[in-house]
Amino acid sequence: MSDPSGPSLGWSTDPAQVSALLRAELTACWRDVVNAGGAVGFAEEAPVSDAVVAPVVEQVVARLDARLGRLLVATRGDEVLGWLVLTGNADPVTAHWARVTHVQTRPSERGTGVARALLTELQRSARDDLGLEHLRLEVRGGMGLEDFYGRFGWTVVGSWPRALRFTRHGVRDEVLMGLDLGTGTAGS
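In this text, residue positions in the sequence shown follow the working numbering: the first is 48, and each later residue adds one.
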């Protein structure tokens with residue numbers, strides 16, 4: 048699953064799989080990303096502390112489920128380098144796609160291949176393990192994220208103009224992105 052020279056990658060699909068140490072590391076990673084200006088929530092509260100982020104990490108962990116809420120974590124030893132969440136759909140009409148949220152890498156790990164490892168494993172698992180056909184992602188416009196995800200095959204499929212309002216960043220579009228996993232059948 049992981050390149051020997053890169054981070055170790057692991058999926059969690061049940062809250063019981065996420066230790067107290069891992070929860071603390073997820074919290075620290077999210078805190079550091081937000082405080083470095085990352086577009087991953089808490090925009091109005093930056094800088095944030097562990098006390099602000101930890102309860103939200105607990106909510107993410109509480110929703111873990113083998114099909115409907117999967118956490119992918121990149122680590123080196125006990126340190127979390129980055130993580131993301133893949134959320135599926137219970138409704139049979141939309142069960143062929145999933146949404147990706149909370150994509151982040153520690154600021155100190157930017158440019159080291161952590162994001163590439165996470166996004167490569169995300170695609171592989173969504174396609175091969177879950178049989179998904181498409182992934183969806185929303186990003187904050189004006190942050191350069193469209194180009195970043197575009198390098199991994201994601202395309203802009205639309206936007207909600209002026210959908211996001213921030214004190215520090217003003218009003219931004221919410222950009223909708225998609226990734227075709229190539230598992231669809233004719234007529235889908």
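Glycine included, C-beta positions come from ideal geometry on N, C-alpha and C.
Got a sec? Which residues, its chain only, sit under 6 Å from residue i by beta carbon, not counting five neighbours each side?
i, result
"Cys76", "Val127 and Arg153"
"Arg146", "Thr134 and Arg183"
"Asn136", "Ala142"
"Gly57", "Val120"
"Arg219", "Arg187, Gly188, Gly189 and Leu211"
"Arg117", "Trp58, Thr60 and Leu133"
"Phe89", "Val81 and Val95"
"Glu156", "Leu128"
How about residue i and residue j: do their beta carbons lie closer than 8 Å?
i, j, result
"Gly200", "Leu184", "no"
"Val65", "Val108", "yes"
"Gly53", "Gly188", "no"
"Ser96", "Arg78", "yes"
"Glu193", "Trp207", "no"
"His149", "Val203", "no"
"Ala131", "Leu165", "The displayed chain sequence assigns Leu, not Ala, to residue 131. Result yes, Cβ atoms of Leu131 and Leu165 sit closer than 8 Å."
"Val81", "Ala93", "yes"
"Trp144", "Leu179", "yes"
"Gly205", "Leu223", "yes"
"Ala162", "Gly129", "yes"
Let's see if you can read the secondary structure: which residues bound the alpha helix (DSSP H) around residue i?
i, result
"Leu68", "Ala67 to Asn82"
"Leu115", "Counting along the chain, Leu115 falls outside any alpha helix (DSSP H), and DSSP gives it neither H nor E."
"Arg163", "Val161 to Arg171"
"Asp97", "Asp97 to Ala109"
Tell me where the beta strand (DSSP E) around residue i begins and ends.
i, result
"Leu184", "His181 to Arg187"
"Glu147", "Note on residue identity: the sequence assigns Val, not Glu, to residue 147. Start and end: Trp144 to Thr152."
"Asp220", "Gly217 to Asp227"
Residues bridged to residue i by DSSP?
i, result
"Phe199", "Looking at the DSSP assignment, Phe199 forms no beta bridge with any residue, so it has no partner."
"Thr122", "Ser55 and Val127"
"Gly205", "Leu223"
"Leu177", "Paired residues: none, contrary to the question."
"Val132", "Leu118 and Thr148"
"Arg212", "Val218"
Leaving out five residues on either side along the sequence, give the residues of the same chain with a beta carbon under 8 Å from the beta carbon of residue i.
i, result
"Gln151", "Cys76, Trp77, Val80, Gly85, Val87, Gly129, Trp130 and Leu131"
Any beta-carbon of chain D closer than 8 Å to the one on residue i?
i, result
"Leu133", "As a matter of chain content, chain D is missing from the structure shown, which is built from one protein chain."
Is there contact here, the region 67-81 with the region 112-126, by at least three beta-carbon pairs under 8 Å? yes
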